[in-house]
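The structure appears right after this line, and notes come after that.
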Amino acid sequence: MSNPMPTATTLNSTKHQRINIMEKLGDYWTLCVLVVIILVFGILAPSFFSAFNFLSTTTSATEILLLAIGETFVIITSGIDLSVGAVLGLSGITAGMAMQALGNDALSLIVGILVGLLTGLIFGLVNGFVVAKMNITPFIATLGTMGIASGITFLLSNGADITALPTPLTSFGSGNIASFISYPVIVTALLCVISGIALAKSRFGVHTYAIGSNQEAARRTGINVPRHIIKIYGISGLMAGASGIIVAARFASASPISGQNDELNAIAAVVIGGASLFGGRGNILGTVVGSIIIAVLASGLVIVNVQAYWQTVAVGMIIIAAVFVEQLRHRNK
Amino acid sequence: MRGDQPLLQVSHVRKHYGAIQALRDINFDVYPGEVVGLVGDNGAGKSTTIRILSGVEVPDGGDVIFEGSKVSLKGPLDAQMLGVETVYQDLALALHLDVASNLFLGREELQRGWRGRFGFLNRKEMMRQAEEILVQMNVQIKDIRQKVGELSGGQRQSIAIARATSRGAKLILLDEPTAALGVQESAKVLELIKKLRSQGVAVILISHTMPHVLEVTDRIVVLRRGQVGGILTTKDTTLEEVVQYITGAKSQHSEKEGVLA
Chain H
808 MSNPMPTATT
818 LNSTKHQRIN
828 IMEKLGDYWT
838 LCVLVVIILV
848 FGILAPSFFS
858 AFNFLSTTTS
868 ATEILLLAIG
878 ETFVIITSGI
888 DLSVGAVLGL
898 SGITAGMAMQ
908 ALGNDALSLI
918 VGILVGLLTG
928 LIFGLVNGFV
938 VAKMNITPFI
948 ATLGTMGIAS
958 GITFLLSNGA
968 DITALPTPLT
978 SFGSGNIASF
988 ISYPVIVTAL
998 LCVISGIALA
1008 KSRFGVHTYA
1018 IGSNQEAARR
1028 TGINVPRHII
1038 KIYGISGLMA
1048 GASGIIVAAR
1058 FASASPISGQ
1068 NDELNAIAAV
1078 VIGGASLFGG
1088 RGNILGTVVG
1098 SIIIAVLASG
1108 LVIVNVQAYW
1118 QTVAVGMIII
1128 AAVFVEQLRH
1138 RNK
Chain C
32 MRGDQPLLQV
42 SHVRKHYGAI
52 QALRDINFDV
62 YPGEVVGLVG
72 DNGAGKSTTI
82 RILSGVEVPD
92 GGDVIFEGSK
102 VSLKGPLDAQ
112 MLGVETVYQD
122 LALALHLDVA
132 SNLFLGREEL
142 QRGWRGRFGF
152 LNRKEMMRQA
162 EEILVQMNVQ
172 IKDIRQKVGE
182 LSGGQRQSIA
192 IARATSRGAK
202 LILLDEPTAA
212 LGVQESAKVL
222 ELIKKLRSQG
232 VAVILISHTM
242 PHVLEVTDRI
252 VVLRRGQVGG
262 ILTTKDTTLE
272 EVVQYITGAK
282 SQHSEKEGVL
292 A
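Protein chains in written order, with the numbering used here: chain H, 808 to 1140; chain C, 32 to 292.
This is the structure we're talking about:
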C-alpha cells in the first residue's frame, strides 16, 4: 500500500492488463460453461437441439429463474431468502383456491392472480420486516417463514392438488409462439429485463448494492436501510408468487408440493451467476445464465439417458467451481 | 483568516455513560476555515466529543452552538443538515461501487422527466460532477469508474473527505484520517485538509500523530480526562508542549471562561 510511487505504477500497468483479461473472461466464464454444456448434449443427442426441447427447457427454467431474480436482489444486499420455494407453493394454492371458488371466467382469473401475487408479496414483506426491524438474521427469518408458508400450504389444501383452474390460465401456461417460445418464457423474460434495468440503472439498484457492500455506509449517507430491505424481500416474495401462478398454469394444477427445494436451486443459480453471499456483487444476466445451466442439465441428462439424479451432482460441482473461480478473481485484485 | 463569529461553539458540554463521566466540561470553538486539532490520550473524550458533534450521541448538558444559534442534534442527519459531516476511520464507503456512485451515495442525480420519476440515474451528470469534485480537491484517481475497493487507502480517505465536502459541509470532523496510511499517502491527505481550509471549510482533526496535527492545524484543543486541558495556537507551540498538556504536566484552567471569550 505504501510502495514508493514509481514501482507501484510500473507494477500496476502490467498487472492491470492481466486482471483485465481475467475480468473479461470472468464475467463470461459461466456463459462459456453453458455453451459447452449445450454443445456436449447436442453432440451426444442431436434431438437436444430440437425446437421442442428448446421450448420445454426454457419453459421449465422459468420456475427457478423467477425465484432467482428476487433472490438476486436479496443476495446482493447480503441477505438470503430460504422461503421462496415454500411461498411459491403457497401462492399457487391460494391463487388456485380463489379461482376454484370463483369459477371459470376472466374475473376469477384476475382475482386469482392478484391473490397469488399478494400472498407472495405479504410473505416477502414479513420477511423484510423480520430481517430489518426485528434484526433477525435473514437465514433464520426466512427459515421460519419457509416453515410457516409450507405448513399453511398443506393446511389450506389438505395435501390435494387444485385442478379446477380457469381455462385462460391453463391455456396461457401451455401457450407458445411457433412451438418455440412459450408464454411463461415471454413473461419471465420481460421480468428479467425490467429487474435487470432496475438493478443496473436506477437509484434503487445502487442503494441495493450499497447496502450489501457496506450497510453502515448506506445508513450514514441517509439511505433508509430498513425500508429498502423490506422492499427487497417484498420483491423476492412477489417473484415467488408470480412463479407459483405460472407453475400452476403450466401444469394446469396448483399442487401443494410445488416449489419444494426450489429455493436451493434459486440460490445456486444466483451464486453460479457470480453473486457473492457476502453482498455487493451479482447481476440479473448472471442469474439468467445460472438458471439456464440448471435447467439445461436437468433436461439434457434425461435426453442422453443419464439418471436425472446426476443433475444435482452436476449443479453441486458447478456451484463450488463458480465460487472458487470468483474467489480467484477477487484474490487477484 | 478568522471571521468575527465562531462557526461552532461547544459550551460546558457534559456526557456520562453509567458511572463513567466521559465529558466533564468541554469548551472550545471553531472558526470558519479553521483547522482545529483535537488531541488527548485514550479515554480523554475525543471520540465522545466527535460523536456528540456528529449527532450520534446527545449530551447530558451544555450547549452546541452552530453559526450563533443553539442546536440540538438528535441524529447524524440533523448534523448533516446543518453542514457538519463526519469522516470516520472506517470511511463508510461501499467498496463494490465505483467512485462516482460513492461520492453521490444517498443523493444520486436522476434523469429528467419520466425516467427520473422511475428512479433512473443520470450517470453522465454524476460522472461529470464527480470528475469536477476530484479535480477541485486535487484528488488523483485514474478512472472514476473504478470500484473503490480497488483503490489505495489514501485514495479512499480522499474520496471520503471529498464526499463530505461535496455535500456542502461547513465543518468536517476527521477521525484519525492518516492512521492507516503510509508516508506519501498521509502527505496527500494533509494537503487535502489544507485545501479544505483554503476553501473556507472548517475541520476538526482527531489524531494521535502529533507531527500531522502540528503540520496542518491552526489551533490544538487538548482533552484530558473529559476536560479541556489546554487550547494552543499551533504556530506558537511545540511537540513537547502538546505532549505535556496531553499527559497533564501542564494545564490551563478550563473552568475560566477565558476559553470562549
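Cβ coordinates follow ideal geometry from the N, Cα and C atoms, glycine included.
Separation of residue j from residue i, as counted between CA atoms
i         : j         : result
ARG1138/H : SER183/C  : 15 Å
GLN111/C  : ALA125/C  : 19 Å
THR865/H  : ILE1099/H : 7 Å
THR974/H  : SER857/H  : 28 Å
LEU263/C  : PHE97/C   : 22 Å
GLY849/H  : ILE955/H  : 43 Å
ILE83/C   : VAL70/C   : 16 Å
HIS127/C  : ARG1088/H : 7 Å
SER63/C   : THR278/C  : The amino acid at residue 63/C is misidentified as Ser; the sequence shows Pro. Those two C-alpha atoms are separated by around 29 Å.
VAL933/H  : ALA868/H  : 27 Å
ILE984/H  : PRO853/H  : 23 Å
VAL273/C  : ILE1004/H : 56 Å
LYS219/C  : MET168/C  : 11 Å
ASN810/H  : THR196/C  : Note on ASN810/H: pLDDT 41, under 50, position unreliable in the model; the coordinate value appears next. In a straight line, the C-alpha of ASN810/H is about 28 Å away from that of THR196/C.
LEU152/C  : TYR1016/H : 14 Å
LYS105/C  : ARG1026/H : 15 Å
SER217/C  : ALA200/C  : 22 Å
ILE192/C  : VAL118/C  : 7 Å
GLY1107/H : SER986/H  : 19 Å
Residue-level contact to chain H via CB, residue i, 8 Å cutoff
i        : result
GLY150/C : yes
GLU139/C : yes
Residue i: first and last residue of the uninterrupted beta strand (DSSP E) it sits in
i        : result
ARG187/C : It is not in any beta strand (DSSP E) - ARG187/C instead sits in the alpha helix (DSSP H) that spans 184-197.
LYS101/C : 100-102
THR884/H : Per DSSP, THR884/H belongs to no beta strand (DSSP E) and is neither H nor E.
THR117/C : 115-118
PHE97/C  : 92-97
SER250/C : One detail in the question is off: residue 250/C reads as Arg in this sequence, not Ser. Element bounds for ARG250/C: 250-255.
THR264/C : 258-264
ILE203/C : 202-206
Where residue i falls: helix, strand or coil (DSSP)
i         : result
TYR990/H  : helix
SER1098/H : helix
VAL130/C  : helix
TYR62/C   : coil
HIS239/C  : coil
PHE135/C  : coil
LEU227/C  : helix
THR1119/H : helix
ALA50/C   : coil
ASN1072/H : helix
ASN1143/H : Chain H is shown only over 808 to 1140; residue 1143/H falls outside these bounds and no answer can be derived.
ALA1061/H : strand
LYS281/C  : coil
LEU851/H  : helix
LEU997/H  : helix
ILE175/C  : coil
VAL1111/H : coil
LEU846/H  : helix
VAL170/C  : coil
GLY1093/H : helix
THR814/H  : Only weak support is given to the placement of THR814/H: the predicted model assigns it a pLDDT of 37, under 50, and the value that follows is read from those uncertain coordinates. Residue state, collapsed to three classes: helix.
PHE151/C  : strand
Run of the alpha helix (DSSP H) containing residue i, from where it starts to where it stops
i         : result
ARG1010/H : 1010-1020
TYR276/C  : 270-278
ALA1055/H : 1032-1058
THR960/H  : 945-964
ARG82/C   : 77-84
LEU165/C  : 154-167
LEU909/H  : 891-909
ALA913/H  : 913-939
GLY4/C    : Examination of residue 4/C is not possible in this model, given that chain C is present from 32 through 292 alone.
C-beta neighbour in chain C for residue i, strict 8 Å
i         : result
ARG1088/H : yes
Any non-hydrogen atom of the ligand GDP within 7 Å of residue i CB
i       : result
GLY71/C : The ligand GDP is not part of this structure, which contains no ligands at all.
Chain C contacts made by the region 986-1015 of chain H, where a contact means CB separation under 7 Å: LYS1008, SER1009, ARG1010, PHE1011 and VAL1013
Residues within the region 1016-1036 of chain H neighbouring chain C, beta-carbon criterion of under 9 Å: TYR1016, ALA1017, ILE1018, GLY1019, SER1020, ASN1021, GLU1023, ALA1024, ALA1025, ARG1026, ARG1027, THR1028, GLY1029 and ILE1030
Chain H contacts made by the region 114-136 of chain C, where a contact means CB separation under 9 Å: THR117, TYR119, ASP121, LEU122, ALA123, LEU124, ALA125, LEU126, HIS127, LEU128, SER132, ASN133, PHE135 and LEU136
Positions along the region 93-111 of chain C whose CB lies within less than 9 Å of some CB in chain H: PRO107, LEU108 and GLN111
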